[in-house]
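Start counting at 1 in the sequence shown, then tack on 84, and there's your number in our numbering.
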Amino acid sequence: MVVRRTAFASVALIVGISVFAGCGGDDTGSSGLHDHGGSGAANVALVSNDVIVDITLDPAKVGATTLHMEFAPPGGRLEKVGNVRATLSNEASGLAPIDVVLIDDGANHFHADIEVGAPGEWDVVIDAEVQGGTALSYRTTMNVAD
85 MVVRRTAFAS VALIVGISVF AGCGGDDTGS SGLHDHGGSG AANVALVSND
135 VIVDITLDPA KVGATTLHME FAPPGGRLEK VGNVRATLSN EASGLAPIDV
185 VLIDDGANHF HADIEVGAPG EWDVVIDAEV QGGTALSYRT TMNVAD
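Structural data, given as structure tokens:
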């Protein structure tokens, strides 16, 4: 009986590891909640007040690109995130900050098509609110290739 339980536990562990490893997305170097984007995407996950946001810039290069974000509050998608504002800036470039106009795609997903005018490290600032008024504030940098 002990041998059977041990064998079953070993098989369950191996299957669990295989399923977990298989759900990690592709080999694009992106990591986060949704692994959104292709091989040229930059992806980062951040936490504010227990709410995870997964941010993707796809492609992460100069020119036309898409900024995508998905919020994961502790209460799940039933807990609405709103009043989302985003800014990208790169002081070294001499360009004005980009005030991003986001489109609400539903279920705590947002995106915007933007134009990034210079390569380098871009500061990304995202502010939002969870239903009920809890403020969320995220800060990171994302590298934009030439």
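All C-beta atoms in this analysis are idealised placements derived from N, C-alpha and C, irrespective of residue type, glycine included. This one's a predicted model, so the numbers in the text were calculated from it and none came from an experiment.
Checklist entry - Taking three-plus beta-carbon pairs below 8 Å as touching, is the segment 122–129 in contact with the segment 140–149? => result Taking 8 Å as the limit for Cβ pairs, the verdict is that the segment 140–149 does touch the segment 122–129.
Item to check | Contact the segment 205–215 vs the segment 159–173: 3+ CB pairs below 8 Å | outcome: Cβ pair count under 8 Å is three or more, so yes.
Checklist entry - Which ranges does the beta strand (DSSP E) cover as unbroken runs of at least 3 residues, wholly within the segment 121–203, from first to last along the chain? => result Fully contained in the segment 121–203 are the following beta strand (DSSP E) runs of length 3 or more, in chain order: 126–132, 135–142, 147–156, 165–173, 182–184, 187–190, 193–200.
Checklist entry - For H193, which residues of its own chain have a beta-carbon under 7 Å away from its beta-carbon, when the five flanking residues on both sides are left out? => result What you label residue 193 is simply residue 109 of the sequence shown in a count that begins at 1. Cβ neighbours of H193 beyond the five flanking positions: E154.
Item to check | Contacting residues, own chain, Cβ-Cβ under 6 Å from D211 (five flanking each side not counted) | outcome: Here residue 211 refers to the residue found at position 127 of the sequence shown. Non-local C-beta neighbours of D211 in its own chain, meaning closer than 6 Å and more than five positions away in sequence, comprise R169, S221, ordered along the chain.
Checklist entry - Would a C-beta distance cut-off of 7 Å place L58 and W206 closer than the cut-off? => result The shown model of the chain, from 85 to 230, leaves out residue 58, and the question about it has no answer.
Item to check | D138, buried or exposed, once every other Cβ within 10 Å from all chains shown has been counted against 16 | outcome: Residue numbering aside, residue 138 sits at position 54 when the sequence shown is read from its first letter. Buried: at least 16 other Cβ atoms inside 10 Å.
Checklist entry - Candidates P203, L130, D189: which alpha carbon is nearest D197's? => result Locating residue 197 in the sequence shown gives position 113, counting from the first residue. Just measuring C-alpha positions, the residue of P203, L130, D189 sitting nearest D197 is D189.
Next on the checklist: With distance defined between alpha-carbon atoms, name the residue in T224, E199, H152 nearest to V209.
Outcome noted: On the sequence shown, position 125 is the one that residue 209 refers to. Here the closest residue by C-alpha is T224.
Item to check | As assigned by DSSP and simplified to three states, the class of D230 | outcome: Here residue 230 refers to the residue found at position 146 of the sequence shown. The answer is coil: DSSP assigns D230 none of H, G, I, E or B.
Checklist entry - Rounded to a whole number of angstroms, what is the C-alpha to C-alpha distance between A191 and I136? => result Mapped onto the sequence shown, residue 191 falls at position 107. Mapped onto the sequence shown, residue 136 falls at position 52. The alpha-carbon separation between A191 and I136 amounts to approximately 14 Å.
Checklist entry - Ordered along the chain, which non-local residues of its own chain (more than five positions away) have a Cβ less than 7 Å from that of V184? => result The sequence position of residue 184 within the sequence shown is 100, counting from 1. Excluding positions up to five away in sequence, the list reads L151, A170, T171, L172, A196, I198.
Checklist entry - In whole angstroms, what separates the C-alpha of L130 from that of A156? => result As a working note, residue 130 is residue 46 in the sequence shown. As a working note, residue 156 is residue 72 in the sequence shown. Approximately 10 Å between the Cα atoms of the pair.
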